[in-house]
Amino acid sequence: MKNIILTGDRPTGNLHLGHYVGSLKKRVELQEEGNFDRFYIMVADTQALTDNANNIDKVKNNLIQVVIDYISAGIDPNKVTIFIQSRVPELAEMTTYFMNLVTLSRLQRNPTIKEEIKHRGFENSLPIGFINYPVSQAADILAFGATIVPVGEDQLPMIEQTNEILNSFNYTYKPKEEIFAKPKAIIPQDKICGRLPGLDGKVKMSKSAGNAIYLCDDEATVKQKIMSAYTDPDHIRVNDPGKLEGNIVFAYLDAFANDAHFEKYLPEYKNLDELKAHYTRGGLGDVKVKLFLNNVINELLTPIRKRREECLKHINELYEMLFENSLIASAHARETLNKMKDAMGLNYEKLLNN
Ligand code: ATP
Ligand code: MG
28 MKNIILTGDR PTGNLHLGHY VGSLKKRVEL QEEGNFDRFY IMVADTQALT
78 DNANNIDKVK NNLIQVVIDY ISAGIDPNKV TIFIQSRVPE LAEMTTYFMN
128 LVTLSRLQRN PTIKEEIKHR GFENSLPIGF INYPVSQAAD ILAFGATIVP
178 VGEDQLPMIE QTNEILNSFN YTYKPKEEIF AKPKAIIPQD KICGRLPGLD
228 GKVKMSKSAG NAIYLCDDEA TVKQKIMSAY TDPDHIRVND PGKLEGNIVF
278 AYLDAFANDA HFEKYLPEYK NLDELKAHYT RGGLGDVKVK LFLNNVINEL
328 LTPIRKRREE CLKHINELYE MLFENSLIAS AHARETLNKM KDAMGLNYEK
378 LLNN
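Take a look at the structure:
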């Protein structure tokens, strides 16, 4: 069986630390392992429009930003095929056929969609395209025969939906040979990385919620964001015992800090367990913990910022690479679509008498 990796992001803003630990880091690891026949990363502009129909500039301007973020985070465009969703029209046609295999009530039960509808205030003004995006995501995955989909935890219901569509298609149209590969999500083993919370401590870090530390934030911005991050509201004096639950600074340390960071920036503690113990028994101030976190995050972001500077000099080449790759993706999706239409009996040419 072929190993095909597919993943993507909506161009609704720059990528942030949640993307990094939730998916980007894994993508770079998979890329370096090299155990794949093809590795696609899709910039999901069509999907971004499902809740930004009247915000086209946002989607348009962020497309190249997301690509710059990929490369800055270590994605190598020579190894990975980065392409634009709207340049692969086959995906839209596949979505149309798949829509007939999914009920509205099934889409309404999707827990990620439920949360997103609430968050966007879509209760009484829900765009059809938005509630339908898990179906279009199934098309994205099935079109390329993706076997591995590295994503954050919020995407698990989408992979489940994709598998249901795959089964339903096979049951309904009984293709003579297997058309689709069975996709498997890879989510981070660490729970905190699968859904990194936002700086406000409430929901997940997300572009749309304005609660993110972005990979492109400069040092001063990162510091300002970390210093104002939500901790424990009852930890008022240094000597007060502090709580770890819901404490964003410790959540980020869980996701990003390792023992080497302690040796380098805070040698009076061996590891995070020691720091946590001190914080919970009292006598450790938030500022000290925040400054440590600031060092850890900047160590991660410094090389990313440097690569970003380089990328900014090659914007035209990046666009050209995207256009070319989208043609490759389109040809691949066309093969799958033709097989689907064959199974569905939409190959009317076969009805012609010779
Ligand atoms: P939007 O708010 O526009 O939906 P987003 O920040 O949720 O943007 P997406 O483009 O929807 O980002 O998600 C891209 C990928 O990043 C998905 O695999 C998703 O699971 C992952 N991801 C997004 N936010 C987080 C997070 N806070 N923690 C872990 N993974 C995340
Ligand atoms: Mg999202």
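Take the position in the sequence shown, starting the count at 1, then add 27; the result is the number in my numbering.
The beta-carbon is built from N, C-alpha and C at its ideal position, and this holds for glycine as well.
Could you tell me how far apart the beta carbons of V176 and K211 are, in whole angstroms, since I believe they sit closer than 8 Å? 7 Å
Suppose you measure from the CA of K377 to the CA of D369; what does that come to, to the nearest Å? 9 Å
Going residue by residue through the segment 115-198, where are the continuous alpha helix (DSSP H) segments of at least 4 residues, counting only ones entirely within it? 116-126, 131-135, 138-147, 155-158, 160-170
Applying the criterion that 16 or more other CB atoms from any shown protein chain within 10 Å of the CB defines a buried residue, is S132 buried or exposed? exposed
Which of the three DSSP states, helix, strand or coil, is assigned to I111? strand
Would the C-beta of R335 count as close to the ligand MG, meaning under 7 Å from any of its heavy atoms? no
Would the segment 117-130 count as touching the segment 348-360 if we require 3 or more Cβ pairs under 8 Å? yes
Pull up the CB-CB distance for T139 and P184, whole angstroms please, since I reckon it's below 8 Å. Distance from T139 to P184 at the Cβ level is roughly 5 Å; contact confirmed, criterion being Cβ atoms closer than 8 Å.
What residue does the alpha helix (DSSP H) around F319 start on, and which one ends it? Start and end: 313-338.
Quick one, which of R332, L379, M367, E246 has its alpha-carbon nearest L318's? E246
Is the segment 45-65 touching the segment 79-90, taking contact as three or more C-beta pairs under 8 Å? No contact exists between the segment 45-65 and the segment 79-90.
Helix, strand or coil for M232? Go by DSSP, reduced to three states. coil
Can you tell me whether N62 is buried or exposed? The criterion is at least 16 other CB atoms within 10 Å of its CB, across all chains shown. exposed
Please state the DSSP three-state secondary structure of H43. strand
Alpha carbon of L349 to alpha carbon of E56, nearest angstrom: 22 Å
With 16 other CB atoms within 10 Å as the buried threshold, where does H341 fall? exposed
Which residues does DSSP pair with G35 in a beta bridge? M69
Among P38, A304, N81, E60, the one whose alpha carbon lies nearest that of M69: P38
Nearest to K270 (by Cα), restricted to the options K250, L311, E344, N81: L311
State the start and end residues of the unbroken beta strand (DSSP E) segment that holds K211. 211-213
Which residue marks the beginning of the alpha helix (DSSP H) containing T307, and which one marks its end? 299-308
Would you say the beta carbon of S50 comes nearer than 7 Å to a heavy atom of the ligand MG? no
Inter-residue Cα distance where the pair is N190 and G225: Near 30 Å, if we compare the C-alpha coordinates of G225 and N190.
To the nearest whole angstrom, what separates the beta carbons of S353 and I111, a pair I think is in contact under 8 Å? 5 Å
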